[in-house]
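Presented below is the structure to which this report refers.
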Amino acid sequence: MNDIQSLAIENQLDIIEARMRVRLLARDSGLDLFDQARISLATSTLAIILGLEKAGTGIITMHRLVEAGRTGVRVVCIKHRASQRDLAAGVLDDARRMVDELRVEERPEGSVHVSLVKWAGRSRRLDSLAGALQAASPIGD
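Numbering (numbering that gives the first Met the number 0), first residue to last: 0 to 140.
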């Protein structure tokens, strides 16, 4: 099931619908609850900040990724009649912390595509926290 789902964003309810679809796709792709929440939150946050619901200027696409034996989810938020200058750096930093990959592409036809990717598997943040706790633990010494 690598079919691309696409949703035109015309109002706040469409953003909620996109968030729910992304979460279901993430679940069906094997992402754990934390990563499902991260990719869906990153999607809705980015959609709101981009103003996708205003005047029908946005589309969100999503699909399952299968690469090198791993699965994940790619979400692309597309804003028409926009440029990278419309994106606040802080917003991208917040979204980047929730996903494994984030790419911004300004297209010649005057749109901005922000691609989010989250891979199935344990969260990097949880892995690093577990490693730090294990290193600091006096148990077993």
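Glycine included, every Cβ here is placed at the ideal spot set by N, Cα and C.
{"Item": "Determine the closest residue to E105 out of V113, S43, V90, with distance taken between C-alpha atoms.", "Value": "V113"}
{"Item": "Mapping the DSSP letters down to three states, classify E66 as helix, strand or coil.", "Value": "strand"}
{"Item": "How far does the alpha helix (DSSP H) with S43 in it reach, from first residue to last?", "Value": "32-49"}
{"Item": "Where do the ends of the alpha helix (DSSP H) carrying R22 lie?", "Value": "11-27"}
{"Item": "From V103 to I15, what does the alpha carbon distance come to, in whole angstroms?", "Value": "22 Å"}
{"Item": "Consult DSSP for A119 and reduce its assignment to one of helix, strand or coil.", "Value": "coil"}
{"Item": "What are the start and end residues of the beta strand (DSSP E) that includes R106?", "Value": "100-106"}
{"Item": "Applying the criterion that 16 or more other CB atoms from any shown protein chain within 10 Å of the CB defines a buried residue, is I48 buried or exposed?", "Value": "buried"}
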